[in-house]
Amino acid sequence: MPPRTASRLVAECEARGLVDDSAGVRLWAGHWARQGYGWAAIRAKLEARGFGSDAIEDADARSGLAAEDESRARAVIAARLRRGRGDRRRVGRALAERGFDPDLIERLLDEATGHSVSS
Numbered sequence: 035m036p037p038r039t040a041s042r043l044v045a046e047c048e049a050r051g052l053v054d055d056s057a058g059v060r061l062w063a064g065h066w067a068r069q070g071y072g073w074a075a076i077r078a079k080l081e082a083r084g085f086g087s088d089a090i091e092d093a094d095a096r097s098g099l100a101a102e103d104e105s106r107a108r109a110v111i112a113a114r115l116r117r118g119r120g121d122r123r124r125v126g127r128a129l130a131e132r133g134f135d136p137d138l139i140e141r142l143l144d145e146a147t148g149h150s151v152s153s
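The opening residue of the sequence shown carries number 35 in the numbering used here; numbering runs sequentially from there.
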């Protein structure tokens, strides 16, 4: 499809309300949240897909995904412990790769393993 035709088609869809960034952000953010990603990673993935910061912030305000980071991180830790992949460093690295805050990771790993590396 020629770029000019594609641009006209997108503009027409937008005019008819068929293109909704807010809905797209909510769908993608929910998808990645269910996969156990933290808000920082979800936000980066949304930005990489071209969603604007206003749509992203609106989606977080409506869904509270950033506030649910702790429960998602706990679920990742529990799943890894159940599967016998409970090595503290590996779990911490997995959580960091999924976009969770380092302080949150340390606190939850302390709780899960019953000790602190920094003590």
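Ideal Cβ placement from N, Cα and C applies to all residues, glycine included.
Here the structure is a predicted model, which means the values were calculated and not measured.
- Glycine 72 places its beta carbon 7 angstroms or farther from that of aspartate 121.
- By the C-beta criterion, the stretch 72-85 is judged to be in contact with the stretch 125-140, since at least 3 inter-stretch pairs fall below 8 angstroms.
- Assigned with DSSP and collapsed to three states, proline 37 falls in helix.
- Contact between valine 110 and alanine 128 holds, since their C-beta atoms are separated by about 7 angstroms, short of 8 angstroms.
- For histidine 149, no alpha helix (DSSP H) encloses it, and the DSSP letter there is neither H nor E.
- In the DSSP annotation of this structure, the continuous segment of the alpha helix (DSSP H) that includes glutamate 131 starts and ends at 122-131.
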